[in-house]
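**Q**
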Amino acid sequence: MCGIVGYIGNKSAVDILIDGLKQLEYRGYDSSGVALMNTDNIDIYKAEGKLQNLADKLFMNRDKVVNSTLGIGHIRWATHGAPTVINAHPHTCNCGGVAVVHNGIIENYKELRAKLEAEGCVFRSQTDTETVAHLIAKKYSQCKNLTEAVRLASLEIEGAYAICVMHKDLPNELVVTKRNAPLIVGVGEDEFIVASDVPAFIKYTKKAVYLKDNQIATITRENLNIIDLNNNSIFFTTEVLPWEPASLSKMGYKHFMLKEIHEQPAVIRNILSGKLRSVDEDIYLDELKLDKDSIKNLSRIQIIACGTSLHAAMIGKYIIESLCEIPVDVEASSEYIYRKNVTDKNTLVIGVSQSGETADTLTAIKQAKSKSCHIVIITNRPDSAMAREADSLLAINAGIEVSVAATKSYMAQLLSFYLLALKIAETKGSADKSLLKSLKEDLILIPQKLEQILSNKDQIQQCAREYANTKDFIFIARGVNYPTALEGALKLKEISYINATGYCAGELKHGPIAMLDESMPVLAILMKGLVYDKILSNSEESKARNARMIALTNSNDVKLDLLFDFVIRVPDVQEYLSPLIAIVPLQLLAYYIAEFLGKDVDQPRNLAKSVTVE
Ligand code: AGP
Numbered sequence: 180m181c182g183i184v185g186y187i188g189n190k191s192a193v194d195i196l197i198d199g200l201k202q203l204e205y206r207g208y209d210s211s212g213v214a215l216m217n218t219d220n221i222d223i224y225k226a227e228g229k230l231q232n233l234a235d236k237l238f239m240n241r242d243k244v245v246n247s248t249l250g251i252g253h254i255r256w257a258t259h260g261a262p263t264v265i266n267a268h269p270h271t272c273n274c275g276g277v278a279v280v281h282n283g284i285i286e287n288y289k290e291l292r293a294k295l296e297a298e299g300c301v302f303r304s305q306t307d308t309e310t311v312a313h314l315i316a317k318k319y320s321q322c323k324n325l326t327e328a329v330r331l332a333s334l335e336i337e338g339a340y341a342i343c344v345m346h347k348d349l350p351n352e353l354v355v356t357k358r359n360a361p362l363i364v365g366v367g368e369d370e371f372i373v374a375s376d377v378p379a380f381i382k383y384t385k386k387a388v389y390l391k392d393n394q395i396a397t398i399t400r401e402n403l404n405i406i407d408l409n410n411n412s413i414f415f416t417t418e419v420l421p422w423e424p425a426s427l428s429k430m431g432y433k434h435f436m437l438k439e440i441h442e443q444p445a446v447i448r449n450i451l452s453g454k455l456r457s458v459d460e461d462i463y464l465d466e467l468k469l470d471k472d473s474i475k476n477l478s479r480i481q482i483i484a485c486g487t488s489l490h491a492a493m494i495g496k497y498i499i500e501s502l503c504e505i506p507v508d509v510e511a512s513s514e515y516i517y518r519k520n521v522t523d524k525n526t527l528v529i530g531v532s533q534s535g536e537t538a539d540t541l542t543a544i545k546q547a548k549s550k551s552c553h554i555v556i557i558t559n560r561p562d563s564a565m566a567r568e569a570d571s572l573l574a575i576n577a578g579i580e581v582s583v584a585a586t587k588s589y590m591a592q593l594l595s596f597y598l599l600a601l602k603i604a605e606t607k608g609s610a611d612k613s614l615l616k617s618l619k620e621d622l623i624l625i626p627q628k629l630e631q632i633l634s635n636k637d638q639i640q641q642c643a644r645e646y647a648n649t650k651d652f653i654f655i656a657r658g659v660n661y662p663t664a665l666e667g668a669l670k671l672k673e674i675s676y677i678n679a680t681g682y683c684a685g686e687l688k689h690g691p692i693a694m695l696d697e698s699m700p701v702l703a704i705l706m707k708g709l710v711y712d713k714i715l716s717n718s719e720e721s722k723a724r725n726a727r728m729i730a731l732t733n734s735n736d737v738k739l740d741l742l743f744d745f746v747i748r749v750p751d752v753q754e755y756l757s758p759l760i761a762i763v764p765l766q767l768l769a770y771y772i773a774e775f776l777g778k779d780v781d782q783p784r785n786l787a788k789s790v791t792v793e
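Note that this note's numbering has the sequence shown beginning at 180, numbered continuously upward.
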């Protein structure tokens with residue numbers, strides 16, 4: 180996590196740095212800082228909490244900072260040490276000559292720190308990053324060349340990092356390097372902006388150089404030079420990015436999350452328009468680079484993901500197994516990487532990630548790739564590190580998602596799984612043609628059904644008001660919507676901090692039912708189909724323990740109004756597609772509860788949108 184920005188050029192650095200950091204707030208927001216080159220030294224400004232605190236501090240010191248044309252900035256998600264001013268980046272060596280910002284984790288920082296302390300360095304923070312500042316300063320004192328100092332330090336550092344370094348004696352030099360963390364150099368006219376992600380500089384330039392791992396770039400106002408760890412010069416190409424400066428406007432909504440929830444019908448229409456051209460034609464998915472024989476020979480699918488993407492993957496498993504007759508395993512990436520995995524050339528491995536950066540998923544994908552499996556990546560960021568590992572890249576095209584709580588990207592991931600399952604089933608002939616046709620017909624109707632839910636939000640707002648003051652919340656479901664229960668609970672806990680848990684309803688009586696009493700809300704996802712009656716029975720069992728019962732249903736059965744204290748009704752939909760409908764009221768419920776409680780909806784505490792540490 181963390182976001183870094185560096186600027187060298189002829190403009191005032193401070194505004195560009197703050198502007199860039201603002202675009203990177205999704206990567207962390209517990210503290211921030213900048214280092215600015217002054218006439219004969221480096222000035223450092225840091226602040227705890229939101230970026231605005233730093234911006235305010237810099238505004239108060241505008242006269243002192245405005246003339247600097249070289250600087251580095253950082254927005255932090257704390258890994259080592261609390262989010263205090265001392266631990267905020269940039270970090271410096273003892274004489275203040277070297278300033279460093281860093282994204283990632285230095286795994287051998289304890290050993291390095293002990294060695295540097297023995298050599299006389301005095302550490303002020305608890306961070307791993309400070310080690311890098313001292314180490315580079317040591318190397319610089321020996322070779323008097325910042326690029327060489329960074330190269331020598333890189334040879335000793337273990338872990339993942341993107342680093343941006345400046346030295347007080349070098350008013351026309353910025354040195355940057357990376358290993359398993361993103362870093363892109365934006366190339367302007369007599370200026371360069373380096374950043375963890377494109378939105379930090381796209382307003383200023385569309386030209387960019389994607390640094391590769393273990394490359395070191397030396398940047399002056401006039402030039403960019405890249406070497407590798409062996410000191411070889413690297414030939415690089417400058418790409419013109421197909422990006423437009425994203426409008427990060429809330430478009431009149433109070434929060435990005437609410438705006439992104441409302442964008443879901445358009446996201447679905449956009450995805451379907453290219454892939455589902457007619458219900459009588461096969462799904463158009465030429466991004467899937469597997470020929471017919473390879474698809475027919477698939478013996479197994481493994482899907483790897485984290486968080487919300489993991490829940491989308493679980494629904495993907497259900498749909499693929501139902502339509503394609505291929506066994507599917509779904510696993511949290513963080514578990515996948517620390518056990519022996521049995522795969523062969525007929526195993527398809529699918530990585531799912533909104534950001535395309537999640538460290539656990541990236542590592543898991545690299546492991547699977549080393550075993551020669553075909554890798555499919557489902558991501559919202561086709562320019563990400565994970566996308567670059569793909570044999571088949573399914574870009575979900577949900578558009579930039581700002582809110583830390585994923586909503587529209589989840590919807591787009593689900594759509595990708597439906598399309599993939601339909602494509603495989605059509606190729607294999609593994610499902611009834613009339614079923615496949617009816618799924619396509621009903622998929623086209625999903626956006627308008629979501630619009631009905633969104634225009635009928637009052638019922639959910641009312642439910643939110645009635646249940647906001649609870650400490651705990653249980654979501655139950657079965658079958659294809661069990662992951663919907665998990666996702667509903669995740670949404671609620673991450674933005675409201677209510678202890679919400681999703682259960683498959685059949686498991687309730689095997690333990691969790693002990694928690695039920697008149698204070699516990701139980702929300703049952705009751706979508707018509709195979710397990711409807713079963714969930715109804717599980718709901719009766721909960722009601723008998725005096726739980727406060729809420730139903731989310733597409734049934735018009737009036738008996739539900741007797742059993743449940745609150746009934747949220749949604750448009751009818753066939754069971755296979757019901758996760759697309761059922762999740763939206765749960766996103767809204769989480770949103771309205773968090774908003775009612777006055778929480779920071781878009782930037783919940785302790786979280787970051789890109790989790791780039793294991
Ligand atoms: C979603 O609301 C969460 N913030 C989180 O669980 C997220 O889904 C997870 O960190 C995975 O991220 P990714 O999709 O970018 O890999």
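Where is the CB? At the ideal position from N, CA and C, for every residue including glycine.
None of the values given here were measured: they were computed from a predicted structure.
Quick one: residues in its chain with C-beta nearer than 8 Å to the C-beta of D740, no 5 flanking neighbours on either side, listed in chain order?
**A** Hits under 8 Å: V746.
**Q** At a threshold of 6 Å, does G578 count as lining ligand 1 (C-beta to nearest heavy atom)?
**A** Not under cutoff, so the answer is no.
**Q** What residues are listed by DSSP as bridge partners for Q627?
**A** In DSSP, Q627 forms no bridge with anything.
**Q** Would you call the CB atoms of Y682 and I655 closer than 7 Å?
**A** Taking 7 Å as the Cβ cut-off, Y682 and I655 qualify as a contacting pair.
**Q** Using a Cβ distance threshold of 8 Å, determine whether the region 334 to 342 contacts the region 308 to 320, with at least three qualifying pairs required.
**A** Verdict: yes, contact present.
**Q** Taking buried to mean at least 16 other C-beta atoms within 10 Å of its own C-beta, is E605 buried or exposed?
**A** The residue is buried, with at least 16 neighbouring Cβ atoms inside 10 Å.
**Q** Please classify N282: does DSSP put it in a helix, a strand, or coil?
**A** In the structure shown, N282 sits in a strand (DSSP, three-state: E or B).
**Q** Kindly examine ligand 1 and report whether one of its heavy atoms sits closer than 6 Å to the Cβ of S734.
**A** No, the beta carbon of S734 sits no closer than 6 Å to any heavy atom of ligand 1.
**Q** Say yes only if the C-beta of A396 is nearer than 6 Å to one or more non-hydrogen atoms of ligand 1, and no if none qualify.
**A** No; taking the cut-off as 6 Å, the Cβ of A396 has no heavy atom of ligand 1 nearer than that.
**Q** Within the continuous alpha helix (DSSP H) that includes M345, where are the two ends?
**A** It is not in any alpha helix (DSSP H) - M345 instead sits in the beta strand (DSSP E) that spans 338 to 346.
**Q** Can we count T680 as close to ligand 1, meaning its CB is less than 6 Å from some heavy atom?
**A** Outside the cutoff, so no.
**Q** Taking C-beta to C-beta, are E370 and G199 nearer than 7 Å?
**A** In this structure, G199 does not lie closer than 7 Å to E370 by Cβ.
**Q** Could you please give me the residues that DSSP links to M728 through a beta bridge?
**A** Answer is V701, bridged to M728.
**Q** For S549, which three-state DSSP category applies?
**A** S549 falls in the coil class under three-state DSSP.
**Q** Report back the beta-carbon spacing between K323 and I221 to the nearest angstrom; my notes put them in contact at under 8 Å.
**A** 17 Å between Cβ atoms; not a contact.
**Q** The beta strand (DSSP E) spanning T680 covers which residue range?
**A** 678 to 683 is the span of the beta strand (DSSP E), which, as asked, contains T680.
**Q** Is there at least one non-hydrogen atom of ligand 1 closer than 6 Å to the beta-carbon of T537?
**A** Flag set: Cβ of T537 near ligand 1.
**Q** Compare the C-alpha of Y186 against each of Y205, N282, V354, L233 and name the closest.
**A** Ranking the options by Cα distance to Y186, first place goes to V354.
**Q** Assuming K229 contacts Y208 under a Cβ cut-off of 8 Å, what Cβ separation, rounded to an integer in Å, is found between them?
**A** With 8 Å as the limit, K229 and Y208 qualify as a contact, their Cβ atoms being about 6 Å apart.
**Q** Do H270 and T326 have their beta-carbon atoms positioned less than 7 Å apart in this structure?
**A** Contact flag unset, no.
**Q** What's the C-alpha gap between M795 and I498?
**A** Within the shown structure, residues of the chain are numbered from 180 to 793, placing residue 795 beyond reach of any answer.
**Q** Measuring alpha carbon to alpha carbon, tell me which of E442, K357, I462, I623 ends up nearest Q753.
**A** The candidate whose alpha carbon is nearest that of Q753 is I623.
**Q** Could you have a look at R160 and say whether DSSP puts it in helix, strand or coil?
**A** Residue 160 lies beyond the range of the chain shown here (180 to 793); nothing can be said about it.
**Q** Note down the Cα distance separating E686 from A769, rounded to an integer number of angstroms.
**A** About 24 Å.
**Q** Per DSSP, what are the beta-bridge partners of Y389 in this structure?
**A** DSSP lists I363 as partners of Y389.
**Q** What are the boundary residues of the alpha helix (DSSP H) that L601 is part of?
**A** Unbroken alpha helix (DSSP H) run through L601: 587 to 607.
**Q** Return the Cβ separation of I363 and V344 in integer angstroms, given the expectation that the two are a contact with Cβ distance under 8 Å.
**A** The pair is not a contact, with the Cβ atoms about 17 Å apart (cut-off 8 Å).
**Q** Just to confirm, are L203 and S375 a CB contact at a threshold of 7 Å?
**A** Closer than 7 Å, so yes.
**Q** Could you check whether D461 and Q481 sit closer than 7 Å to each other, using their CB atoms as the reference points?
**A** No, Cβ-Cβ distance for Q481 and D461 is not below 7 Å.
**Q** Is the beta carbon of V446 sitting closer than 7 Å to the one on L629?
**A** It is not a contact, given that the beta carbons lie outside the stated cut-off.
**Q** When the Cα atoms are used, what is the spatial distance from S513 to E536?
**A** Taking the straight line joining both Cα atoms gives about 14 Å.
**Q** Does the structure place the region 691 to 698 close enough to the region 725 to 733 that three or more beta carbon pairs sit under 8 Å?
**A** Counting Cβ pairs under 8 Å, three or more are found: they touch.
**Q** Decide yes or no for the touch test of the region 563 to 578 against the region 456 to 475: beta carbon pairs closer than 8 Å, at least 3 of them.
**A** Flag = yes, the region 563 to 578 and the region 456 to 475 touch.
**Q** Would you say the region 660 to 672 touches the region 484 to 499, given that touching needs at least three Cβ pairs under 8 Å?
**A** Yes, they touch.
**Q** For G212, tell me which candidate among K190, K236, T218 has the shortest Cα-Cα distance.
**A** It is K236 whose Cα lies nearest to the Cα of G212.
**Q** Taking the runs of the alpha helix (DSSP H) that are 4 residues or longer, which of them lie wholly in the region 230 to 277?
**A** Listed in chain order, they are 230 to 239, 241 to 244.
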